[in-house]
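Residue numbers (the numbering used here), protein chains in the order written: chain A, -9 to 449; chain B, -9 to 449.
Backbone N, C-alpha and C define an ideal beta-carbon position, used for all residues, glycine too.
Remember, predicted model here, so these are calculated numbers, not experimental data.
Below: the structure, in structure tokens.
Protein chains: 2
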Amino acid sequence: MANVSNTSTGKGRVVIIGGNAAGMSAASKIRREQPERDILVLEKTAYTSYSNCGIPYFIGGMIKEVDRLVVRSPEEFREKYNIDVRTGHEVIEIDLGAQRVKVQEREAARVTEESYDQLLIATGARPFCPQVEGMDAAGIFGLSGLASGINIQEFLTNKSPQNVVVVGGGYIGLEMAEALTRLKLNVSLVQKSPEVMDTLDPDMGALVSQALRGIGVKLFLSEGFEAFEVKEGRVTGVVTPERTLPADMVILGLGVRANSHLAKAAGIELGPRGAISVDGRMQTSTANVWAAGDCAASLHRVTGQPVHIALGTIANKQGLVAGTNISGGQGWFPGVVGTAVSKICAVEVARTGLQEKELQQLGTDYATATIKTRTRAGYYPGSGTITVKLLGEKGSGLLLGAQIVGMEGAAKRIDIIATALTAEMTAEDLIGLDLSYAPPFSPVWDPVQTAARQLIKKL
Amino acid sequence: MANVSNTSTGKGRVVIIGGNAAGMSAASKIRREQPERDILVLEKTAYTSYSNCGIPYFIGGMIKEVDRLVVRSPEEFREKYNIDVRTGHEVIEIDLGAQRVKVQEREAARVTEESYDQLLIATGARPFCPQVEGMDAAGIFGLSGLASGINIQEFLTNKSPQNVVVVGGGYIGLEMAEALTRLKLNVSLVQKSPEVMDTLDPDMGALVSQALRGIGVKLFLSEGFEAFEVKEGRVTGVVTPERTLPADMVILGLGVRANSHLAKAAGIELGPRGAISVDGRMQTSTANVWAAGDCAASLHRVTGQPVHIALGTIANKQGLVAGTNISGGQGWFPGVVGTAVSKICAVEVARTGLQEKELQQLGTDYATATIKTRTRAGYYPGSGTITVKLLGEKGSGLLLGAQIVGMEGAAKRIDIIATALTAEMTAEDLIGLDLSYAPPFSPVWDPVQTAARQLIKKL
Chain A
-9 MANVSNTSTG
1 KGRVVIIGGN
11 AAGMSAASKI
21 RREQPERDIL
31 VLEKTAYTSY
41 SNCGIPYFIG
51 GMIKEVDRLV
61 VRSPEEFREK
71 YNIDVRTGHE
81 VIEIDLGAQR
91 VKVQEREAAR
101 VTEESYDQLL
111 IATGARPFCP
121 QVEGMDAAGI
131 FGLSGLASGI
141 NIQEFLTNKS
151 PQNVVVVGGG
161 YIGLEMAEAL
171 TRLKLNVSLV
181 QKSPEVMDTL
191 DPDMGALVSQ
201 ALRGIGVKLF
211 LSEGFEAFEV
221 KEGRVTGVVT
231 PERTLPADMV
241 ILGLGVRANS
251 HLAKAAGIEL
261 GPRGAISVDG
271 RMQTSTANVW
281 AAGDCAASLH
291 RVTGQPVHIA
301 LGTIANKQGL
311 VAGTNISGGQ
321 GWFPGVVGTA
331 VSKICAVEVA
341 RTGLQEKELQ
351 QLGTDYATAT
361 IKTRTRAGYY
371 PGSGTITVKL
381 LGEKGSGLLL
391 GAQIVGMEGA
401 AKRIDIIATA
411 LTAEMTAEDL
421 IGLDLSYAPP
431 FSPVWDPVQT
441 AARQLIKKL
Chain B
-9 MANVSNTSTG
1 KGRVVIIGGN
11 AAGMSAASKI
21 RREQPERDIL
31 VLEKTAYTSY
41 SNCGIPYFIG
51 GMIKEVDRLV
61 VRSPEEFREK
71 YNIDVRTGHE
81 VIEIDLGAQR
91 VKVQEREAAR
101 VTEESYDQLL
111 IATGARPFCP
121 QVEGMDAAGI
131 FGLSGLASGI
141 NIQEFLTNKS
151 PQNVVVVGGG
161 YIGLEMAEAL
171 TRLKLNVSLV
181 QKSPEVMDTL
191 DPDMGALVSQ
201 ALRGIGVKLF
211 LSEGFEAFEV
221 KEGRVTGVVT
231 PERTLPADMV
241 ILGLGVRANS
251 HLAKAAGIEL
261 GPRGAISVDG
271 RMQTSTANVW
281 AAGDCAASLH
291 RVTGQPVHIA
301 LGTIANKQGL
311 VAGTNISGGQ
321 GWFPGVVGTA
331 VSKICAVEVA
341 RTGLQEKELQ
351 QLGTDYATAT
361 IKTRTRAGYY
371 PGSGTITVKL
381 LGEKGSGLLL
391 GAQIVGMEGA
401 AKRIDIIATA
411 LTAEMTAEDL
421 IGLDLSYAPP
431 FSPVWDPVQT
441 AARQLIKKL
């Protein structure tokens, strides 16, 4: 992407489209650096700064009040931070030449215009919905912001569905499947690949599939879905090539796509999977226009290629970097290594780096090692199983990725590998690390090092 | 230390002095590499390969059978691994010129000699016992191997002590204090420094002191101990400058010293605090003589200086490296960064790198940042407090160390910093790491990154 010069990052009016993680991280950073800067945030929904990731726990009843998911309300931003946050304001067009945005005000039903000196696009992502028959029926939900969580909860309360089908077995699909089993519903899950969670290799995904069956989720694997069966405008079934699953509620867990239509229409360059292309400063292809969060691409530090990964951590970091630069400082987002973590009842799941299918696509000469051991010293109460799969490059010995499935205390170990990948460590470097050990925390060789001791024999 | 050439590492007879973590790691590695190699292990006690770190949990009743602490018995090594392990055999002299060791056989009460081509000294460490009045009284125990754990448990059973004083507030002292409160004894702890656990800075140590008081341990801080009060050969009190604490049992927790007297007597070079000097291959100053484990020094990767840190993880790694080299391979122990972890009831404690007093001694221009946040998303059930202190170098921004005190899930985060220290990362690098996030595991900014965001302002 061409390097674009900005005339005056440190002054003038800032307009931010989107008031969640990335947008409000940027707004807060700018306010801390520049107490007098004119900052306008335009948010189409009624909410700001909430935890998307917490929604499944709200639906599952582990969190009673939806307000607990809100980190800061629009009022707080206005009153405590002097940030002009306008909810119910949807930007419908960006005019790059005039440096203006066109805004649809929901309540007043009118369109106004706002000018900017610096524009941050932080429009997030939306659930991927394939265009199939019955898509618009009542009872079909994607997880897209706090409002969708409230809608799902109201539907559960008012319509008392019994048979829920989750379509797609990624993080959100699985966390929702767990939440719905907590409510004692009949939960089925349809997934096109041979195991759930295809960001893991199938051998590791199989452990997660097994955990889901253990909590009563019926899995229909290697089974795409074709259409929804609808009666009187309400969903009644999910149609696959093999069968029709009865469903009075459907949750879409097919991943997300960047909300980049505004940027695209304005002529801003897009990157992988339609995410907005940015450099390490979070600048787009256009002067004075920035992007951050689930709508933006990231550099993958292992491959060196841009990727689109929509996660709250990344959105917060990118927002902070964008805010730093917009307020005249020097911020740099170094990229991602593909780290993610989830918990399905008692089973913890984590991954980082590249998985086998990615390495095969890249033509990398790699080896893998998978070990099963204990989360704590074997004799220590509460010790559980942990399976670690490590991937490394033959010849160089460089680490390429890791996947972990195990009981309490297993998953956060992925951060060791995420850090090691960033530092371009080899399997031998990993074995040499001075990691912490005491019986309540680990066997004397940390499981990631035990895996590295196996891996090194194959590299 | 001079580089010493070995004539023939891959062949001849290997004699190993000491059959615990380092010695048996080396023996097992040599056997895997060389199925026919002549390996003799001389162990003065009746036990091999046990977990020293598990002893407090055995004494506290969390582990019922002492056998559970034994990883592999002498019989197993003899029968399954064909390693000639002789227990009750104490080496009393090393003759470097003749390449022989003199052995005192406990049961036969005779002294024999064994010759070696390669000798590994893995004699471990012993609790530090200051030479004060009353030191030899019954009822005073250091933690030194499985036998000492069994002795303590028998004393507890047979003598039913009520008032126990722990002298010294390091890891072993604190873990023993916790174990003894589990048995409903009156436990006092005497510590010379202003807070327990002086491998932490006092501000962080204060959190641990507080946790100990919370489980009913009476703390006498900034109070050295001077002598033991003894009646009829049994300890009855611990004398400090301020008072005499009644005690029918005393646990020494004053740290350990390397068991290096054999090496010293033979003229082998010693290093910090009397630990045996070794290079990265675990070779001593003498050809064909190696050392590993609690008796040996390590390179500190942050200071570049040798240190003596006696921990099971280090012993296992050093043993593996020594075994690799003795069997003719190329092993290298890269050193340590000072990582340690412990759990005092519900409170997890971890540290790595350098602490303030070390940095002051080195004359390093450093800054610190301490933050208090949550172990999980604030709204997620079971979220607890975590305090993270980070230390970094002014100017360069390099990380220098970290200390963590917090509830479940807090401490293992120290491994992120241990890895970052090894990779010589800056605070800014730490902020940029792609660490895992989901509500059950972490706030959206991992606490170590929140600390780094504070630290960076001061560097």
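At a Cβ-Cβ threshold of 8 Å, A16(B) and A282(B) count as neighbours.
I49(A) sits away from T409(B), with the two beta carbons spaced by 8 Å or more. Taking a Cβ-Cβ threshold of 8 Å, the residues of chain B close to K333(A) are A428, P430 and F431, in chain order. Fewer than three pairs of CB atoms, one per stretch, sit closer than 8 Å, so the region 348 to 366 of chain A makes no contact with the region 254 to 266 of chain A.
For V268(A), no Cβ of chain B is located within less than 8 Å of the residue's own Cβ. Scanning its chain for C-beta atoms nearer than 7 Å, with the 5 sequence neighbours on each side dropped, one finds around I304(B) the residues S288 and V326, in chain order. Taking a Cβ-Cβ threshold of 8 Å, the residues of chain A close to S41(B) are A367, Y369, P429 and V434, in chain order. Beta-bridge analysis with DSSP links E33(B) to T77(B). For T102(B), the secondary structure class from DSSP, reduced to helix, strand or coil, is strand.
The Cβ of P25(B) sits no closer than 8 Å to any Cβ of chain A. Residue-level contact by beta carbon fails for A17(B) and chain A, as no gap is shorter than 8 Å. For L175(B), no Cβ of chain A is located within less than 8 Å of the residue's own Cβ.
By the neighbour-count criterion, in which 16 or more other beta carbons inside 10 Å mark a residue as buried, P231(A) falls on the exposed side.
The contact set of N306(A) on chain B, defined by CB atoms closer than 8 Å, consists of V434 and W435 in chain order. Neighbourhood of I130(B) in chain A, by CB distance below 8 Å: empty, with the nearest CB roughly 25 Å away.
Looking only at V246(B), G78(B) and I53(B), the smallest Cα-Cα distance to P64(B) is reached by G78(B). The beta carbon of R58(B) sits closer than 8 Å to some beta carbon of chain A. When S183(A), Q295(A) and E216(A) are compared, the shortest CA-CA separation from L352(A) is found for Q295(A). For A417(B) and S39(B), the gap between their C-alpha atoms comes out near 39 Å.
Straight across, the Cα-Cα distance linking A201(A) with G245(A) is about 21 Å.
In terms of CA proximity to D74(A), E104(A) leads the group T440(A), L59(A) and E104(A). Contact between V225(B) and I130(B) holds, with the beta-carbon distance rounding to 5 Å and staying under 8 Å. At a cut-off of 8 Å between C-beta atoms, P117(B) does not count as an interface residue with respect to chain A. Look at F145(A) here: in three-state DSSP terms it is helix.
Along the region 45 to 56 of chain A, the positions whose C-beta sits under 8 Å from a C-beta of chain B are Y47, M52 and I53, read in chain order. Of the candidates E383(A), T412(A), M415(A) and A196(A), the residue whose Cα lies closest to the Cα of K447(A) is E383(A). Collapsing the DSSP output to three states places M239(B) in a strand. With 16 or more other CB atoms across the displayed protein chains lying within 10 angstroms of its CB, Q393(B) is buried. Contact of P324(B) with chain A by beta-carbon distance below 7 Å involves G422.
Judged by DSSP in its simplified three-state form, K362(A) adopts strand. By the CB criterion at 8 Å, M187(A) and G160(A) fall inside the cutoff. Its Cα nearest to that of V177(A), the residue P236(A) stands out among E213(A), E398(A) and P236(A). Going by C-alpha positions, P117(A) is about 19 Å away from A36(A).
Taking 8 Å as the upper bound for CB-CB distance, A441(A) and L344(A) are not in contact here, some 16 Å apart. Chain order gives no chain A residues near M194(B), where near means a beta carbon separation below 7 Å; the closest approach is about 15 Å.
Put simply, the CB of M415(B) is near chain A, with a gap under 8 Å to one of its CB atoms.
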